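Participant: Please read through the structure below; I'll follow up with questions.
Residue numbers (the working numbering): 517 to 702.
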C-alpha cells in the first residue's frame, strides 16, 4: 500500500438519489356501448388524460383516467353520433431496480407517460351493440429516496495549484497501442 493510500479515509454521505426505476408497456381493451347500435366506426380518440403515481409494495401504481370519444354511424350508415366514456385505471409498474440501502420513510415516486394512451383499433362488437377499443400505453417510473454513498476523502485536502495529475503512467505507455483500433468519432 502506498503512503498516499494510508492518508485516505472513507466517509458515508446521506443524499437523495434515484433508488428505483421501472417501465411498463400495456395494451388494454375497453368496451363502450353507445346509445344507438353502431354500423361502422368513423373515428376513435383519447383525450383528457390525467394520472398520478403512488408507491405500492414493490412497485409504483399509476392511477389515472381518460376520456374515450367514438365517432360512429348508425341506422345503416344514415346517421352519426359521438359516444363519450370516461375510463379510470390503475396500472402497477414493477421496479426493476431498487437500491437496498435506501431509507423507506423518505420514498417519493413519480411517473411519466412515455407513450400517452392511444387508440390503436376500434371495432364494432360481434353482437353489434358496442364498440371494442384497444388502447396502448406505457409508463416509466422512478423512486427517489435518501440513501448512503461512500466516498474517499483525503484529509490533507485538495491543492488547486496542482494542475497535472499523476496517474502513474510513463510517457511511452501508449506506444504499443494499435492505431487502427482507435475510433475517431469519440
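Ideal Cβ placement from N, Cα and C applies to all residues, glycine included.
All figures in this text were calculated on a predicted structure; none of them were measured in a lab.
1. Which term fits residue 526, buried or exposed, when burial requires 16 or more other beta carbons within 10 angstroms of its beta carbon?
2. Rounded to whole angstroms, how far is the Cβ of residue 629 from the Cβ of residue 653, which I believe are closer than 8 Å?
3. Should residue 578 be labelled buried (16 or more other beta-carbon atoms within 10 Å of its own) or exposed?
4. Taking contact to mean at least 3 C-beta pairs separated by less than 8 Å, is the stretch 634-644 in contact with the stretch 553-560?
5. Skipping 5 residues on each side, what residues in its chain have a beta carbon closer than 8 Å to that of residue 610?
6. Once you ignore the five residues that flank residue 596 on each side, which residues in its own chain have a CB closer than 8 Å to its CB?
7. What did DSSP end up calling residue 574 once you bin it into helix, strand or coil?
8. Going along the chain, which residues of its own chain have a beta-carbon closer than 6 Å to the beta-carbon of residue 567, five neighbours each way excluded?
9. Cβ of residue 648 within 8 Å of Cβ of residue 545?
Facilitator: According to the structure data:
1. exposed
2. 7 Å
3. buried
4. yes
5. 538, 540, 574, 575
6. 558, 587, 588, 589, 590
7. coil
8. 578, 580
9. yes
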